[in-house]
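A.B. asks:
Residue numbers (UniProt numbering): 1 to 428.
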């Protein structure tokens, strides 16, 4: 598509709109009652040529000045143009933050076949919303909404759905939510899943975990990560908000969620060729040194992030409040030398230090020994006096610190270092 050609077509459209000659642009005018906006569906020949025969939607704020036939100069600057790709030449509805649906309690959100009543809004970010809903049979579920991005190559939810479906087909692991339904709307994509309990970052805000609980989290998270690696993916954004607790009788289970930043690292026996320079992925607080150094990530990086996560849940990371990526990297490098004992504190210094050394010794092309990692986690349990880590109880099972039975992990909020990039595939 020639950007210059589209610019010319858009200018012609703007002039026609300003003169109230929309029908001369071969447009069909319709009302979007749900949006409370006026939508113009453009089918001009020039636009068809420039947009690969896809339909373009533009929303104009319907105010008094527009009703009189004049368009304020400031409004032109607020228009957003979404470009359908050759891969997905579907209809797009252009939107701003103000025009997005509010998803109020008691209203409905629909897929192609099912209506879901919204019970509550669990969380919200620049990227989307997480909702607690009920289906027609009264079953409580979760809906994850991702706002459409004009520059998206592939929606993050598509990657997440692919991973969840593949895991269910190839794995019997209990550490993953169930994928149930999906739909794509003009303004957003949505995914329906089973509902799980609060994420560990919310629990840690109230009270740090005991060493035993932190290592038990590590043990179950390792079981989940191992299954993800088996299907050829790496998570690339592991942190406390990506680990959730099960509900009711499953409070002893840890769920691994939020695969929007995951990537394929291996297809069959073919390992992805590492790129020379890679954009940083994940949150700077938990990112691996490879990510800080703009190097391709591999399975070892997921475990480095898990190590930081476990320390944060029990001790709090010393660099947690630092926003500068280079400063955080320096702190992580110091952990390898002068500050190791203080870093792990009471959390099995010997065993976890051994794990850190093992991960640092691996290169991108080395095969990670998952059994060895499981062995080290058990040794860490022995080091703190817990002989049977699997049989131990979590803190929230003992003292009832888990209060929010209807919460699930919230998408990244787009701050520095958050999961801001779409997942990448082998052909990129």
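Ideal Cβ positions, reconstructed from N, Cα and C, are used throughout, including at glycine.
Tell me the rounded alpha-carbon separation between residue 146 and residue 159.
C.D. replies: Going by the C-alpha atoms only, they are around 12 Å apart.
A.B. asks: Am I right that residue 118 and residue 107 are in contact with their C-beta atoms under 8 Å? What's the rounded C-beta distance?
C.D. replies: Residue 118 to residue 107, Cβ: 5 Å. Contact.
A.B. asks: Identify whether residue 222 lies in helix, strand or coil by the three-state DSSP scheme.
C.D. replies: It is helical.
A.B. asks: For the region 236-247 against the region 181-200, are there 3 or more C-beta pairs whose distance is under 8 Å?
C.D. replies: Yes, since at least three Cβ pairs between the region 236-247 and the region 181-200 fall closer than 8 Å, the two stretches touch.
A.B. asks: Give me, in chain order, the residues of the same chain whose beta-carbon lies closer than 6 Å to that of residue 81; leave out the 5 immediate sequence neighbours on both sides.
C.D. replies: A caution first: residue 81 carries a pLDDT of 38, below 50, which makes its placement in the model too unreliable to give a value.
A.B. asks: What is the rounded straight-line gap between the Cα of residue 353 and the Cα of residue 345?
C.D. replies: Rounded to whole angstroms, residue 353 to residue 345 spans 11 Å at the Cα level.
A.B. asks: Would you check if the distance between the CB atom of residue 431 and the CB atom of residue 262 is smaller than 9 Å?
C.D. replies: Residue coverage of the chain in this structure runs from 1 to 428, which leaves residue 431 outside it and unanswerable.
A.B. asks: From this set, 295, 185, 212, which residue's C-alpha is nearest residue 444's C-alpha?
C.D. replies: Here the chain covers residues 1 to 428 and nothing more, so residue 444 does not appear.
A.B. asks: Taking Cβ to Cβ, would you say residue 167 is nearer than 9 Å to residue 225?
C.D. replies: No, Cβ-Cβ distance for residue 167 and residue 225 is not below 9 Å.
A.B. asks: What runs of the beta strand (DSSP E), each 3 residues or longer, lie entirely inside the region 297-345?
C.D. replies: Here no run is fully enclosed.
A.B. asks: Are residue 351 and residue 376 touching if we call contact CB-CB under 9 Å?
C.D. replies: Going by C-beta atoms, residue 351 is nearer than 9 Å to residue 376.
A.B. asks: Assuming residue 375 is part of the alpha helix (DSSP H), what are its boundary residues?
C.D. replies: Segment 370-383, the alpha helix (DSSP H) holding residue 375.
A.B. asks: Can residue 287 and residue 295 be called in contact, C-beta distance under 9 Å?
C.D. replies: No, Cβ-Cβ distance for residue 287 and residue 295 is not below 9 Å.
A.B. asks: Do the region 354-365 and the region 181-194 touch if we need at least three Cβ pairs shorter than 8 Å?
C.D. replies: With a cut-off of 8 Å, the region 181-194 and the region 354-365 do not count as touching, because too few Cβ pairs lie within range.
A.B. asks: Out of curiosity, what's the CA-to-CA distance linking residue 439 and residue 178?
C.D. replies: Within the shown structure, residues of the chain are numbered from 1 to 428, placing residue 439 beyond reach of any answer.
A.B. asks: Out of 100, 396, 101, which one is the CA nearest neighbour of residue 249?
C.D. replies: Ranking 100, 396, 101 by Cα distance to residue 249 puts 396 first.
A.B. asks: Runs of 3 residues minimum, wholly inside the region 101-134: which ones carry the beta strand (DSSP E) assignment?
C.D. replies: Qualifying beta strand (DSSP E) stretches, in chain order: 108-110, 115-124, 128-134.
A.B. asks: Quick check: the Cα distance between residue 390 and residue 100, rounded to an integer number of angstroms?
C.D. replies: So the alpha carbons of these two residues sit roughly 45 Å apart.
A.B. asks: Along the beta strand (DSSP E) that carries residue 142, what are the first and last residues, could you check?
C.D. replies: Where residue 142 is concerned, the enclosing beta strand (DSSP E) stretches over 140-147.
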